[in-house]
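Using the working numbering, you'd call the opening residue of the sequence shown number 307 and step up by one each time. Cβ atoms here follow ideal geometry from the backbone N, Cα and C, with glycine treated the same way. Below is one structure, written out as structure tokens; comments come after it.
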Amino acid sequence: MAEEEGYLAVSGERITLQRRQHSASCREFLVRCPRLQLRSLSAATCSVWLNSAVLSAAIFITLIGLLVYLHFVKIDQESLLIIGSLGIQMTSSYASGKESTTFIEMNQVKDVVINEAIYMQKVIYYLCILLQDPVEPHVVSEVVPLFQSSKPRLACLVEVYKSCQEILDQRKKS
Numbered sequence: 307m308a309e310e311e312g313y314l315a316v317s318g319e320r321i322t323l324q325r326r327q328h329s330a331s332c333r334e335f336l337v338r339c340p341r342l343q344l345r346s347l348s349a350a351t352c353s354v355w356l357n358s359a360v361l362s363a364a365i366f367i368t369l370i371g372l373l374v375y376l377h378f379v380k381i382d383q384e385s386l387l388i389i390g391s392l393g394i395q396m397t398s399s400y401a402s403g404k405e406s407t408t409f410i411e412m413n414q415v416k417d418v419v420i421n422e423a424i425y426m427q428k429v430i431y432y433l434c435i436l437l438q439d440p441v442e443p444h445v446v447s448e449v450v451p452l453f454q455s456s457k458p459r460l461a462c463l464v465e466v467y468k469s470c471q472e473i474l475d476q477r478k479k480s
């Protein structure tokens with residue numbers, strides 16, 4: 307069962323949060339950003355610069371730069387999969403189709419918290435995973451931020467946070 311709800315990012319653009327509950331201890335969250343319309347951008351660029359031979363090289367360089375941007379920078383979707391008995395998987399899907407996945411074992415997770423930071427003269431909130439030190443379990447060894455590209459606002463983060471806490475509480479009880 308999948309639920310989808312619209313939210314705003316820190317920048318003001320619309321994002322969607324899709325929630326899937328696979329089981330009582332397994333949930334997945336997908337945050338989708340608006341897609342870049344490559345056709346309209348390339349058509350406008352070509353129509354303006356097509357009249358000149360010198361500017362034809364600029365078209366080519368611009369298109370190469372755009373492809374590099376799409377492959378290495380523009381993230382369309384970020385997902386968080388939490389399996390209570392196994393761990394947390396974070397996946398970023400780029401506009402080019404490339405995916406980057408990170409997995410954290412559940413025995414390394416100390417907690418999931420909403421943190422705040424100052425960004426461009428604003429206070430923003432972000433969700434992060436606190437990893438415990440293997441030597442000293444009461445010490446936080448690393449902070450892993452989630453949804454770095456989409457930067458959802460607090461209302462969206464609270465939804466994900468509550469669900470994460472439910473799964474972490476189930477794990478602590480067992």
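- For L387, the CB contacts under 6 Å within the same chain, skipping 5 residues up- and downstream, are E334 and Q395 in chain order.
- Comparing alpha-carbon positions, the option among R338, I473, I370 and L436 lying closest to H328 turns out to be I473.
- For E465, the uninterrupted alpha helix (DSSP H) run begins and ends at L460 to K479, by DSSP.
- Non-local beta-carbon contacts of K416 in its own chain, meaning distances under 7 Å to residues more than five positions away in sequence, involve L436, L437, Q438 and V446 in chain order.
- In the structure shown, L386 adopts extended strand secondary structure according to DSSP, grouped into three states.
- With a threshold of 16 other beta carbon atoms within 10 Å, F366 falls short and is exposed.
- Relative to D382, the option among T368, L373 and S398 whose CA is nearest is S398.
- For the pair G393 and I410, the CB atoms are nearer than the 8 Å cut-off.
- Taking 8 Å as the cut-off, the beta carbon of Y425 is found no closer than this to the beta carbon of L463.
- Proximity to V449 across R326, A461 and C434 peaks at C434, based on C-alpha coordinates.
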